[in-house]
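**Student:** To start, I am sharing the structure in question, which I have written as structure tokens.
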Amino acid sequence: MRLLYSHLLLLLTILHCSYAPPVTPEKKEHENEVVDDLAEYTEYHRYLQEVVQALESDPDFRERLEKADEDDVRSGRIAEQLDFVNHNVRSKLDEIKRRELERLRHLATKQYELTNDLDVHGKVPSNEHLDHTNPHTFEIEDLKKLIQKTTADLEAADKKRKEEFKEYEMQKEFEKHQKIEAMDEAQKKEYMDAMKKEEEAKKHHQPLHHPGSKQQLEEVWEKQDHMDQQFNTKAFFMMHGESMAVLTILLSVTAPSSCFKGPTFRGMEYCRQNGPK
């Protein structure tokens, strides 16, 4: 079966993925808590979802997406293909945009209340995901802005996750150092010997999985990302490597190992030519 490479639909599937920071043994009570959901970074996520669903209902536009280069998607140039979307879908997009503008108007009122100390619970709205110069119809500029804003927000979310993980690693190393400092020489030697044996055991007993295989990805998910929840393919690729370049190969299927050289994504064209048919 031919592997689909539908780029914009990925933006929809991303909505069902979530980030979660490393969970320490001392914080087991929070292990099921989703801390960094995409909705925190894109308060326009419902608008994004509706736009993608509308576009995916047009078979011709969907086919153009499947053939698009990832750079065209990332930059928003794919939005130029909006001219080929059928009239019914365009009308639906117009209505979706009008509803979003109405939502933003309500949020603008909330923002005014917030800045004037009238409401301490308000949230400052983001309005960079559509074209405000044309309030009546959904055009190429709207789609371009939506793609670019979503890409930027995902990259910001990924950066935040990496910073949190770095802080977690530093804290873990600090606690380890403090623990060792409190030991006498005999305890230190016993502790260091135990650590060395543990590392050696990992080297000799852990199987080496084929690069890009599900087993290898699950190993990274558990050992490097310190993720306790069940392995999630889309969430994994959203967390790793060259942002949208890797994300664009995923829909509801796992990327074939032929698309990778080690952990490195070989590129859309290579994957199309060498992936399963």
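Quick note on numbering: the sequence shown equals residues -20 to -1, 1 to 257 in mature numbering (1 follows the signal peptide of the UniProt record, and there is no 0). Every residue, glycine too, gets a C-beta built ideally from N, C-alpha and C. In this text the structure is predicted, and so the values were computed from the model without any measurement.
1) Between ASP111 and LYS125, which are expected to be in contact by the criterion C-beta below 8 Å, what is the C-beta distance as a whole number of angstroms?
2) Verify whether the separation of the beta carbon atoms of ILE127 and ILE58 is less than 9 Å.
3) Along the alpha helix (DSSP H) that carries LEU45, what are the first and last residues, could you check?
4) Quick check: what's the CA-CA separation for LYS168 versus ASP49?
5) What does the alpha-carbon distance come out to for the pair ASP63 and THR95?
6) So what's HIS67 in DSSP terms, helix, strand or just coil?
7) What number of angstroms, rounded off, separates the C-alpha of VAL53 from the C-alpha of LEU28?
8) Return the chain-ordered ranges of every alpha helix (DSSP H) run that is complete within the region 106 to 168 and spans a minimum of 4 residues.
9) Tell me the residue span of the alpha helix (DSSP H) that contains GLU30.
10) Inspect the CB distances between the region 79 to 93 and the region 149 to 161 and report whether three or more fall short of 8 Å.
11) Can you find at least 3 beta carbon pairs, one from the region 112 to 124 and one from the region 139 to 153, that sit closer than 8 Å?
12) How long is the line joining the alpha carbons of SER37 and HIS109, rounded to whole angstroms?
13) Determine the contact status of LEU84 and ASN107, defining contact as a CB-CB distance below 9 Å.
14) Taking the continuous alpha helix (DSSP H) assigned at ARG57, which residues delimit it?
**Tutor:** With the given structure in hand:
1) With 8 Å as the limit, ASP111 and LYS125 qualify as a contact, their Cβ atoms being about 6 Å apart.
2) Going by C-beta atoms, ILE127 is nearer than 9 Å to ILE58.
3) Residue range 39 to 47 is occupied by the alpha helix (DSSP H) that includes LEU45.
4) LYS168 and ASP49: Cα-Cα distance of roughly 56 Å.
5) Across the structure, ASP63 and THR95 are spaced so that their CA atoms are roughly 40 Å apart.
6) The answer is helix: DSSP assigns HIS67 an H, G or I state.
7) Approximately 15 Å, taken between the alpha carbons.
8) Taken in chain order, the unbroken stretches of alpha helix (DSSP H) that lie wholly in the region 106 to 168 and span 4 residues or more are 120 to 161.
9) Start and end: 25 to 36.
10) Touching, no.
11) By the Cβ test, the region 112 to 124 is not in contact with the region 139 to 153, since fewer than three Cβ pairs between them sit closer than 8 Å.
12) Roughly 21 Å between the two C-alpha positions.
13) Cβ distance < 9 Å, so LEU84 and ASN107 count as in contact.
14) Element bounds for ARG57: n/a, residue is neither H nor E.
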